[in-house]
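Residue numbers (mature numbering (1 follows the signal peptide of the UniProt record, and there is no 0)): -20 to -1, 1 to 124.
Spelled out as structure tokens, the structure:
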């Protein structure tokens, strides 16, 4: 029975890997919301690469810009992750309550990445500190 269970787990893992499809796409093939986001928040930065990730849980899109910034989008073109290693995340992308918290508690730091999902927001500051906020923008954790 243990061997059968191990075989089943192995086949499930192989199926998961086989179903993942990661391929480059043209920028014009991004969802309209993703294209609009890039035009609005990164008007002076050239998007150089885009790819679509298809897996068992759906699809998402990744875009890499010429300055090293990257943005991830969900299947509808809504941003899920913005990373700006050489600069900072555009202020208008960051919820006001998070901007206020960072300005008050970390006045000399920039937000270099922000990640959101259905449960929380995570931001990374230029000094490496990571802050975690719930969906009501209450600080719920940090890591340095």
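Glycine included, C-beta positions come from ideal geometry on N, C-alpha and C.
How long is the line joining the alpha carbons of residue i and residue j, rounded to whole angstroms?
i, j, result
"residue 24", "residue 80", "26 angstroms"
"residue 113", "residue 93", "14 angstroms"
"residue 28", "residue 48", "10 angstroms"
"residue -16", "residue 35", "Confidence at residue -16 is low in this model, with a pLDDT of 46, below 50, so the placement of that residue should be treated as unreliable; the coordinate-derived value is given next. Taking the straight line joining both Cα atoms gives about 24 angstroms."
"residue 119", "residue 106", "18 angstroms"
"residue 37", "residue 50", "22 angstroms"
"residue 75", "residue 102", "12 angstroms"
"residue 15", "residue 54", "13 angstroms"
"residue 30", "residue 9", "9 angstroms"
"residue 90", "residue 97", "21 angstroms"
"residue 83", "residue 68", "14 angstroms"
"residue 5", "residue 13", "16 angstroms"
"residue 52", "residue 42", "4 angstroms"
"residue 19", "residue 58", "14 angstroms"
Quick check: residue i and residue j, are their CB atoms within less than 8 angstroms of each other?
i, j, result
"residue 88", "residue 109", "no"
"residue 11", "residue 56", "yes"
"residue 17", "residue 77", "no"
"residue 60", "residue 100", "no"
"residue 122", "residue 111", "yes"
Checking the sheet assignment: what are the DSSP bridge partners for residue i?
i, result
"residue 93", "63, 104"
"residue 53", "41, 59"
"residue 34", "1, 39"
Measuring alpha carbon to alpha carbon, tell me which residue in the options is nearest residue i.
i, options, result
"residue 63", "104, 31, 78", "104"
"residue 21", "46, 73, 4", "73"
"residue 32", "3, 102, 111, 75", "3"
"residue 46", "65, 53, 13, 58", "65"
"residue 44", "7, 54, 13", "7"
Could you check where the beta strand (DSSP E) with residue i kicks off and where it finishes?
i, result
"residue 120", "119 to 123"
Output the boundary residues of the alpha helix (DSSP H) element that contains residue i.
i, result
"residue 111", "Counting along the chain, residue 111 falls outside any alpha helix (DSSP H), though it belongs to the beta strand (DSSP E) covering 110 to 114."
"residue 17", "12 to 21"
"residue 84", "76 to 85"
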